Amino acid sequence: MEVTLLGTGDTTGTPTVGCDCDTCREARDRGVERSRFSVHVRNEETDECLLIDASPDFRSQFLDNDVSLPDEVLITHIHFDHLDGLGNAYRLFDSLPVHATGETDPKTDESVADTIRDKFDYLDQITVHDREPLVSFSACGFDVTFVPVEHPPLVCYGVVVENDGSKLALTGDTGYSIPDASRDALSGADLFLADAIVPASLCEYHPAGGRHHTDDGVPRTFGYKHMTREGALSLADELDAEVTRLVHVSHFYSEEEAFEEPLAVDGERYRI
41 MEVTLLGTGD TTGTPTVGCD CDTCREARDR GVERSRFSVH VRNEETDECL LIDASPDFRS
101 QFLDNDVSLP DEVLITHIHF DHLDGLGNAY RLFDSLPVHA TGETDPKTDE SVADTIRDKF
161 DYLDQITVHD REPLVSFSAC GFDVTFVPVE HPPLVCYGVV VENDGSKLAL TGDTGYSIPD
221 ASRDALSGAD LFLADAIVPA SLCEYHPAGG RHHTDDGVPR TFGYKHMTRE GALSLADELD
281 AEVTRLVHVS HFYSEEEAFE EPLAVDGERY RI
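When you line the sequence shown up against this note's numbering, it's residues 41 to 312, in that order.
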């Protein structure tokens with residue numbers, strides 16, 4: 041499979057609109073960007089293309105990268121930076137299968153799949169398919185699995201994509217405390233994309249501080265719902281990932297470390 045990181049940023053992206061911080065200036069000087077999260081996966085055997093999360097930056101992501109429009113889409117959760125790009129289905133597609141979990145969220149009293157149906161009820165092109173967490177299904181010739189993660193107050197899912205011995209795993213938006221069954225599903229990936237919104241040192245500025253500390257006292261969760269860089273790398277090591285890229289990265293990293301390995305930027309491409 042060919043994996044293209046269309047969007048590697050958090051909800052505001054980098055550079056952030058209206059921001060003149062050192063990191064946003066450095067991004068402009070380097071000519072790099074972290075737009076809102078989205079991953080494109082092409083099946084090299086069938087030439088079908090799968091999109092994981094529909095970023096509000098959908099249009100620019102597809103114009104800026106040499107990739108085909110998706111044949112099918114996965115949605116991990118209902119936050120706008122992962123969902124609102126589905127509105128681009130208007131006039132671009134005759135039909136677009138969208139896969140999301142059918143598990144009811146106690147917070148919203150509806151599933152991710154139900155929310156998509158309600159929000160985009162004006163789009164006849166979209167057909168939403170309910171999927172059960174931790175049960176694989178076929179999309180674009182891949183075996184795909186949604187795996188539950190921790191992103192309160194909403195249900196949220198990571199994703200595993202497999203084909204002919206190749207494995208892509210991504211955590212989705214999550215804190216470090218991922219259920220054991222999900223860890224098992226995510227383990228042993230050729231390419232692991234892990235949420236790493238900030239370095240652990242910034243937890244002191246979050247009202248909730250940090251959680252899930254290492255034995256040395258380093259927080260692996262920033263607040264409640266995103267991993268720190270240190271947490272993401274710790275998880276990658278525990279899951280025995282071959283290659284790890286850190287995504288959902290904010291502009292709150294200092295300019296000295298914001299573009300250091302293994303923090304990803306938009307446009308990176310991998311064959312696994």
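Glycine is no exception: its CB is placed at the ideal position from the N, C-alpha and C atoms. Since this is a predicted model, take the numbers as computed values, not measurements.
- Can you tell me where the alpha helix (DSSP H) with Leu123 in it begins and where it stops? 120–123
- Can you give, in chain order, each stretch of the alpha helix (DSSP H) that sits fully within the stretch 58–89 and has at least 4 residues? 62–70
- Item | Burial state of Pro193 (16 or more Cβ within 10 Å) | exposed
- Query: Can we say the stretch 144–158 touches the stretch 56–68, given the rule of at least three CB pairs closer than 8 Å?
  - Reply: no
- Query: Taking DSSP as the reference, what is the three-state secondary structure of Ala298?
  - Reply: Note: Ala298 maps to coil in three-state DSSP.
- Bridge partners of Ala209, per DSSP? For Ala209, which the question treats as bridged, DSSP gives the partners Val200, Phe232.
- Task: Might you give, ordered along the chain, the residues of its own chain that have their beta carbon closer than 7 Å to the beta carbon of Asp134, omitting 5 neighbours on each side?
- Result: Gln165
- Query: Taking buried to mean at least 16 other C-beta atoms within 10 Å of its own C-beta, is Thr54 buried or exposed?
  - Reply: buried
- Report back the beta-carbon spacing between Leu286 and Ala236 to the nearest angstrom; my notes put them in contact at under 8 Å. 4 Å
- On the three-state DSSP scale, how would you describe Ile166? strand
- Skipping 5 residues on each side, what residues in its chain have a beta carbon closer than 8 Å to that of Phe182? Met41, Val81, Asn83, Leu90, Val201, Glu202, Asn203
- Task: Starting from Thr44, follow the beta strand (DSSP E) in both directions and report where the run begins and ends.
- Result: 42–47
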